[in-house]
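Enquirer:
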Amino acid sequence: MKIWIVQIGEPLPLNSNVRKMRSVLLAEELSARGHDITYITSAFDHVTKTWNSVDEKFIKVKEGYSFLTLKGCGYSSNVSLKRLIDHRKISKRFLHNASKMEKPDLIQVSMPPHDLAYSVVRYAKEREIPVVVDIRDLWPDYFLTVLPSKIRPLFKPFFFYEYNLLNYALKHANAITANCTNYLQWGLDHAKRKVTNKDRVFYLGFRDTAAISTLEIKNDSLMNVLDKVQGKFVVAFMGIFSITNNPSLIIETARRLKDNKDIVFVLAGDGVMLENMEKRAQGLDNVFLTGWLNLAEIAALLKVAKLGICTSDSDFEIFPNKACAYFSAALPVISSFKGELATILERDHLGINVNSSDIEGYANAVRELYENQEMRIKMAKNAREIYEKQFNTANIYKDYAGFLENIVVNEETN
1415 MKIWIVQIGE PLPLNSNVRK MRSVLLAEEL SARGHDITYI TSAFDHVTKT WNSVDEKFIK
1475 VKEGYSFLTL KGCGYSSNVS LKRLIDHRKI SKRFLHNASK MEKPDLIQVS MPPHDLAYSV
1535 VRYAKEREIP VVVDIRDLWP DYFLTVLPSK IRPLFKPFFF YEYNLLNYAL KHANAITANC
1595 TNYLQWGLDH AKRKVTNKDR VFYLGFRDTA AISTLEIKND SLMNVLDKVQ GKFVVAFMGI
1655 FSITNNPSLI IETARRLKDN KDIVFVLAGD GVMLENMEKR AQGLDNVFLT GWLNLAEIAA
1715 LLKVAKLGIC TSDSDFEIFP NKACAYFSAA LPVISSFKGE LATILERDHL GINVNSSDIE
1775 GYANAVRELY ENQEMRIKMA KNAREIYEKQ FNTANIYKDY AGFLENIVVN EETN
């Protein structure tokens, strides 16, 4: 089959330092099954804020698998008008390029951005091409998170047009997938229909850290940190330093626990809050910032960690990918995210839930798992078991690829 994967938020794996994420892993699995894959993306790298390509062009990965880069305007901040303008331009460039390409048998498009999903679905429906929308984040709801929660309903009508784009994309998609259960339900609510056997949750997952070679470590800062924390009780965070995660809460938690010289916090990542994080961490000898890590470096960090932490100062109902990574490394998880992650942490005894912004709650959770080794070992065992059952990418993307194949077969027989 000829399949298009449309996704503009993931880094392109143009070199070995780039960690492959959801859409690339799916594209590779489909390619390995013999399908002709065109991965349509932005020429602008969302993570590094740099350009992968100065032109719109096809980049051949191998026979039957290519990237197509589309040109927007780029942006310097994730929360900005220029980012929205960039996505509008990308949506128009998709329609322009798609009209000149051979018609595919199936399109899978990630959401956000919702306007690109709208353009893809509109294109597909006009040509009777099966299309699947994969929900990765709740746009345009996310736009309102910059406002105090009490006044958000007052501003929602101003996004009437944006919600119309979203609703069209979800209503006319042949199937909806999502990276967690509450996201799928959110999508179905906007599509104004009930779940069918064409709608599925596929978790983000993570590669098995036990099977990742640590020979590709190139980050000197990480090597220095690993040397300093050897033999310590390491609490690890990995991800983007953003408002959603707000890892500055970890800095303040570390401040509460600074008298215990055995407990240290290692934060791996980058983002708009980096400068703020560096300032907050000054004078704390139990906090280490490593910068952005590749997959081998993440594996090396998680192998020495005792706990993984997922922070947020708001009641976000998301399932952060870092939790899958922690489960892979058999780490108990401390989290303030609501929704499905909170449910499984409690139900399957995988860690401790705390209230958002509750620094004392974070500190008490770390202290409890530090002092209660028996509890921590039991949670670690449970974490690894649930990883094997639900969060191993080796299984997830085989299932997802098969699901997409069945979408085409079912549409052809109907």
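To convert, count from 1 in the sequence shown and add 1414; that's our numbering. Ideal placement from N, C-alpha and C gives every residue a C-beta, glycine not left out. This one's a predicted model, so the numbers in the text were calculated from it and none came from an experiment.
Taking only three categories from DSSP, how would you classify serine 1456?
Expert: Here residue 1456 refers to the residue found at position 42 of the sequence shown. Residue state, collapsed to three classes: strand.
Enquirer: Please classify tyrosine 1575 as buried or exposed, where buried requires at least 16 other C-beta atoms within 10 Å of its C-beta.
Expert: Residue 1575 sits at position 161 when you count from the first residue of the sequence shown. Exposed is the call here.
Enquirer: Whole angstroms is fine: what's the gap from valine 1639's alpha carbon to glutamate 1666's?
Expert: Locating residue 1639 in the sequence shown gives position 225, where the first residue counts as 1. Locating residue 1666 in the sequence shown gives position 252, where the first residue counts as 1. Their backbone Cα atoms lie some 20 Å apart in a straight line.
Enquirer: At 4 residues or longer, what runs of the alpha helix (DSSP H) sit wholly inside the region 1589-1660?
Expert: 1595-1605, 1634-1642
Enquirer: Which residues bound the alpha helix (DSSP H) around tyrosine 1575?
Expert: The residue you call residue 1575 lines up with position 161 of the sequence shown. Start and end: 1574-1586.
Enquirer: I need the DSSP call for asparagine 1421, collapsed to helix, strand or coil.
Expert: Within the sequence shown, numbered from 1, the residue matching residue 1421 stands at position 7. The question names asparagine, yet the displayed sequence has glutamine at residue 1421. The answer is coil: DSSP assigns glutamine 1421 none of H, G, I, E or B.
Enquirer: State the DSSP-derived secondary structure class of valine 1780, mapped to helix, strand or coil.
Expert: Locating residue 1780 in the sequence shown gives position 366, where the first residue counts as 1. DSSP places valine 1780 in helix when its eight states are reduced to three.
Enquirer: Whole beta strand (DSSP E) runs in the region 1433-1512 with 3 or more residues, listed along the chain?
Expert: 1450-1456, 1471-1476, 1479-1484
Enquirer: Compare the Cα-Cα distances from valine 1547 to each of Asp1676, Ser1563, Asn1581 and report the closest residue.
Expert: Within the sequence shown, the letter at position 133 stands for residue 1547. When Asp1676, Ser1563, Asn1581 are compared, the shortest CA-CA separation from valine 1547 is found for Asn1581.
Enquirer: From this set, Ser1771, Ala1808, Glu1754, which residue's C-alpha is nearest threonine 1595's C-alpha?
Expert: On the sequence shown, position 181 is the one that residue 1595 refers to. The shortest Cα separation from threonine 1595 among Ser1771, Ala1808, Glu1754 belongs to Glu1754.
Enquirer: Can you tell which of Ile1712, Ile1791, Asp1673, Ser1728 has the C-alpha that lies nearest to the C-alpha of valine 1701?
Expert: Indexing the sequence shown from 1 puts residue 1701 at position 287. Minimum Cα distance to valine 1701 is reached at Asp1673.
Enquirer: Kindly give me the distance between the Cβ atoms of alanine 1797 and leucine 1818, rounded to whole angstroms, as I take these residues to be in contact under 8 Å.
Expert: Residue mapping note: residue 1797 aligns to position 383 of the sequence shown, counting from 1. Residue mapping note: residue 1818 aligns to position 404 of the sequence shown, counting from 1. The Cβ separation is near 29 Å, so there is no contact.
Enquirer: Is it buried or exposed, cysteine 1487, if we count other Cβ atoms within 10 angstroms and call 16 or more buried?
Expert: For the purposes of this step, residue 1487 is taken as residue 73 along the sequence shown, with counting starting at 1. Answer is exposed; the Cβ neighbour count stays below 16.
Enquirer: With distances taken Cα to Cα, identify the nearest neighbour of alanine 1650 among Lys1476, Glu1540, Ala1737.
Expert: Here residue 1650 corresponds to residue number 236 of the sequence shown, with the count starting at 1. It is Ala1737.
Enquirer: Please report the distance separating the alpha-carbon of valine 1534 from that of valine 1780.
Expert: The residue you call residue 1534 lines up with position 120 of the sequence shown. The residue you call residue 1780 lines up with position 366 of the sequence shown. Approximately 45 Å, taken between the alpha carbons.
Enquirer: Whole angstroms are fine: how far does the CA of glutamate 1711 sit from the CA of leucine 1671?
Expert: As a first step, residue 1671 is located in the sequence shown; it is residue number 257 there, counting from the start. As a first step, residue 1711 is located in the sequence shown; it is residue number 297 there, counting from the start. Roughly 26 Å separates the two Cα atoms.
Enquirer: Which one or two residues does DSSP pair with leucine 1520 in a beta bridge?
Expert: Taking the sequence shown and counting its residues from 1, one reaches residue 1520 at position 106. Ile1417.
Enquirer: Measuring CB atoms only, is the region 1804-1819 touching the region 1432-1452, in the sense that at least three cross pairs come out at less than 8 Å?
Expert: Cβ pair count under 8 Å is three or more, so yes.
Enquirer: Can the beta-carbon of valine 1493 be found less than 8 Å from the beta-carbon of valine 1560?
Expert: In the sequence shown, residue 1493 corresponds to position 79, counting from 1. In the sequence shown, residue 1560 corresponds to position 146, counting from 1. Taking 8 Å as the Cβ cut-off, valine 1493 and valine 1560 qualify as a contacting pair.
Enquirer: Could you spell out the range, first to last residue, of the beta strand (DSSP E) harbouring isoleucine 1723?
Expert: Translated into the one-based positions of the sequence shown, residue 1723 becomes position 309. 1719-1724 is the extent of the beta strand (DSSP E) around isoleucine 1723.
Enquirer: What runs of the alpha helix (DSSP H), each 4 residues or longer, lie entirely inside the region 1675-1734?
Expert: 1688-1695, 1709-1718
Enquirer: Count the other C-beta atoms from every protein chain shown that fall within 10 angstroms of the C-beta of aspartate 1603, then say buried if there are 16 or more, exposed otherwise.
Expert: Here the question's residue 1603 lines up with position 189 in the sequence shown. Taking a 10 Å sphere around the C-beta of aspartate 1603, we find fewer than 16 other C-beta atoms and assign the residue as exposed.
Enquirer: Specify the secondary structure class of isoleucine 1766 as computed by DSSP and reduced to three states.
Expert: Numbered from its first residue, the sequence shown carries residue 1766 at position 352. Note: isoleucine 1766 maps to strand in three-state DSSP.
Enquirer: Where DSSP assigns a beta bridge to methionine 1525, which residues make up the other side?
Expert: On the sequence shown, position 111 is the one that residue 1525 refers to. Methionine 1525 is bridged to Ile1549.
Enquirer: Drop a sphere of 10 angstroms on the beta-carbon of lysine 1485, count the other beta-carbons inside from all chains shown, and report buried for 16 or more, exposed for fewer.
Expert: Locating residue 1485 in the sequence shown gives position 71, where the first residue counts as 1. Buried: at least 16 other Cβ atoms inside 10 Å.
Enquirer: Between the C-alpha atoms of serine 1524 and lysine 1416, what's the straight-line distance to the nearest angstrom?
Expert: Taking the sequence shown and counting its residues from 1, the one referred to as residue 1524 is at position 110. Taking the sequence shown and counting its residues from 1, the one referred to as residue 1416 is at position 2. Rounded to whole angstroms, serine 1524 to lysine 1416 spans 18 Å at the Cα level.
Enquirer: Could you tell me which of Ala1695, Ile1677, Lys1693, Gly1705 sits nearest to glycine 1685, measuring between CA atoms?
Expert: In the sequence shown, the residue the question calls residue 1685 occupies position 271. Answer by Cα proximity: Gly1705.
Enquirer: Could you round the C-beta distance between leucine 1707 and glutamate 1692 to whole angstroms and report it? I think they count as a contact, below 8 Å.
Expert: Taking the sequence shown and counting its residues from 1, one reaches residue 1707 at position 293. Taking the sequence shown and counting its residues from 1, one reaches residue 1692 at position 278. That belief does not hold up - the Cβ atoms of leucine 1707 and glutamate 1692 are roughly 17 Å apart, past 8 Å.
Enquirer: Report the three-state DSSP secondary structure of glutamine 1749 (helix, strand or coil).
Expert: If you number the sequence shown from 1, residue 1749 lands on position 335. Reading off the sequence shown, one finds serine at residue 1749, where the question assumed glutamine. The answer is strand: DSSP assigns serine 1749 an E or B state.
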